[in-house]
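Working notes, beginning with the structure itself.
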Ligand code: PEP
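Numbering (our numbering), first residue to last: 357 to 604.
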C-alpha cells in the first residue's frame, strides 16, 4: 500500500519566529496522521523548522534546489547544502518557478537529477495553464512536462520521487479542479510514467493533487483512486486548516 503524502508549500511566507510557532501549533494536530506529512519552508527557515519538528510526525522539505553541485551560481542553493540541514523533500518545477523564474522542462530535469544524486526526494510539479486547458492541451502539456522531468532518470530512483499535478489556474485562486478532473489528469500522468518505465513503477508512484486544496475539499479529492496526496499552499499557513487537510 502506498502511503499518501500531504505536503505544505509555504512559498515566501513566515519568518523564523513564525515558523517556530506555526510548527509548534501544527505538530500536536497531526500526531495521529495516517499519511506522510511534510512542510516545505523557505531556505532561511530550514534550521528553525528542523529544530521545531524534532520528535514530531512532520518531515522537512525545501522549495527548490540548484542543478549544479557547487560553483558560480549566485543565489542558488545546492542539494548537498540541503542534505546537510537534514532536508528530506524538495519541490522542483513549481509553476511559480516556471512562470516567474524561467524554469523549463530541461532545468527541472537537471534539478531532479541533482536532488536524487544527493539523496533528496523530489516533488516534481506539472500542470497546465488556463490558456492551455481552454485550448484542450491539458494532456499534451502534462505528458510533455512529465517526459521532460523524468528524462534520463534511472528506474532505481523512482521510489524517491513524488509528482504533484497542479493545474496553474487552480493555484491560489480558490478554484479547484473537480475531483474527477484531477483524477483523470493524474491518470494521464501515471500512464506517461508507465510508458517511460513500467506498470509497477507507475502504480507505485505517489501523485499528489495541488491547487486550492483545503479543509473542505480534501476528503473528496483524497477519495479518488488516482490521487495519492496533496500539495497545499494557502491552507498550509494556518495550523488548523493544514491539520484538517492532513487528517482528511
Ligand atoms: C501550491 O502553491 O503548490 C498550491 C497548491 O497553492 P494553493 O493551495 O494556495 O492553491
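Glycine included, C-beta positions come from ideal geometry on N, C-alpha and C. No experiment lies behind these values; they were computed from the predicted model shown.
Query: Report the CB separation of residue 443 from residue 479 in whole angstroms; it is logged as a contact under 8 Å.; Result: Residue 443 to residue 479, Cβ: 12 Å. No contact.
Query: For ligand 1, I want to know if residue 544 counts as a neighbour, meaning its beta carbon is within less than 8 Å of at least one of the ligand's heavy atoms.; Result: no
Query: Since residue 415 contacts residue 393 with CB under 8 Å, what's their CB separation in whole angstroms?; Result: 7 Å
Query: So, for residue 368: in the same chain, excluding its five sequence neighbours on each side, which residues have a beta-carbon less than 8 Å away from its beta-carbon?; Result: 398
Query: Closest to residue 419 by C-alpha separation, out of 596, 483, 435 and 508, would be which residue?; Result: 435
Query: Using a Cβ-Cβ cut-off of 6 Å (strictly less than) and excluding sequence neighbours within five positions of residue 486, which residues of its own chain qualify?; Result: 525
Query: Following the continuous alpha helix (DSSP H) through residue 355, name the residue where it begins and the one where it ends.; Result: Look at the range of the chain in this structure, 357 to 604, and you will see that residue 355 is not part of it.
Query: Residue 582 by DSSP, collapsed to three states: which one?; Result: coil
Query: If you draw a straight line from the C-alpha of residue 605 to the C-alpha of residue 460, how long is it?; Result: Lying before the first or after the last residue shown, residue 605 is absent from the chain, which here runs from 357 to 604.
Query: Using the DSSP secondary-structure output, state which residues sit across from residue 309 in a beta bridge.; Result: No answer is possible for residue 309: it lies beyond the span of the chain, which begins at 357 and ends at 604.
Query: Measure the alpha-carbon distance for residue 503 versus residue 417 and round it to whole angstroms.; Result: 24 Å
Query: Does the beta carbon of residue 370 fall short of 8 Å from some heavy atom of ligand 1?; Result: no
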